[in-house]
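> This structure is in structure tokens; I'll ask about it shortly.
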Amino acid sequence: MADLDHDHFMGLALDEAQVSHDAGNIAVGSIIVLDGEVVGRGRNWTATHKNPLLHAEVDAIRDACKRLGRASLAGATLYSVAESCPMCLWAIHESGIDRLVLGARHMALGITRFGDYTVESMIDFTKSDLQLLTGVREAECAAMRGKAGGYLIER
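If you're matching positions, the sequence shown starts at 391 in the numbering used here and goes up one per residue.
Pasting the structure below:
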């Protein structure tokens, strides 16, 4: 993963998170990079569209697949401001993305609704060979994710 400028691409994910936040959604953004080029951008749209499936990672995967005209994202790297939830990690797994780069982690953010889940536990469970890098621009990502915004569902 040394071939990519992780700080730069996480900065682009932070930009997407800001747009998401400004629209009243949870402040999470994602970027997909293939061969050094951005091929997908995603934002959390759960509040805007009243749809709990519209997480930033899923939106970025949808965008990349549409742009590339294929369902496989093999060779790609996905950057996400916050740790991917189980639904998003399954979508990452199914799309064939090779690398996941995370900013803030659930535990550090105080997010407990996923119990003992971590990205690592899902990678182990699925026997995936997804490469994982964490802590990129972590403080900025935690501050962004911590901004007030829409909720997945009202509780």
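Think of the CB as a built atom: it goes at the ideal place given N, C-alpha and C, for glycine as much as any other residue.
Residue 408 bridges to which residues according to DSSP?
Its beta-bridge partners do not exist; DSSP assigns none.
> What number of angstroms, rounded off, separates the C-alpha of residue 470 from the C-alpha of residue 459?
The straight-line gap from Cα to Cα measures roughly 22 Å.
> Using the beta-carbon count (16 or more within 10 Å), is residue 516 buried or exposed?
Exposed, because fewer than 16 other Cβ atoms sit within 10 Å of the Cβ of residue 516.
> Taking residue 436 as the reference, give the member of 419, 491, 489 with the closest Cα.
Per the Cα distances, 419.
> Which same chain residues, not among the five before or five after residue 542, have their C-beta less than 6 Å away from its C-beta?
Residue confidence for residue 542 is low, a pLDDT of 39 falling below 50, so the modelled location carries little weight and cannot support an answer.
> Let me know the alpha helix (DSSP H) ranges lying completely inside the stretch 418-472, each 4 residues or longer, listed in chain order.
Within the stretch 418-472, the complete alpha helix (DSSP H) runs of at least 4 residues are 436-439, 446-458.
> Which of the three DSSP states is assigned to residue 401 in this structure?
Three-state DSSP puts residue 401 in a helix.
> Of the choices 514, 533, 472, 512, whose alpha-carbon is the least far from that of residue 421?
Closest option to residue 421, Cα to Cα, is 472.
> Among 491, 415, 468, 519, which has the Cα closest to the Cα of residue 536?
The candidate whose alpha carbon is nearest that of residue 536 is 415.
> Do you know how far the Cα of residue 424 is from the Cα of residue 483?
Roughly 16 Å separates the two Cα atoms.
> Please go through the same chain and pick out, in chain order, the residues whose beta-carbon is closer than 6 Å to the beta-carbon of residue 407, but skip the five residues on each side of it.
Excluding residues within five positions, the ones whose Cβ falls inside 6 Å are 417, 418, 419, 471, 534.
> So residue 511 and residue 490 are supposed to be a Cβ contact under 8 Å. How far apart are they, rounded?
14 Å between Cβ atoms; not a contact.
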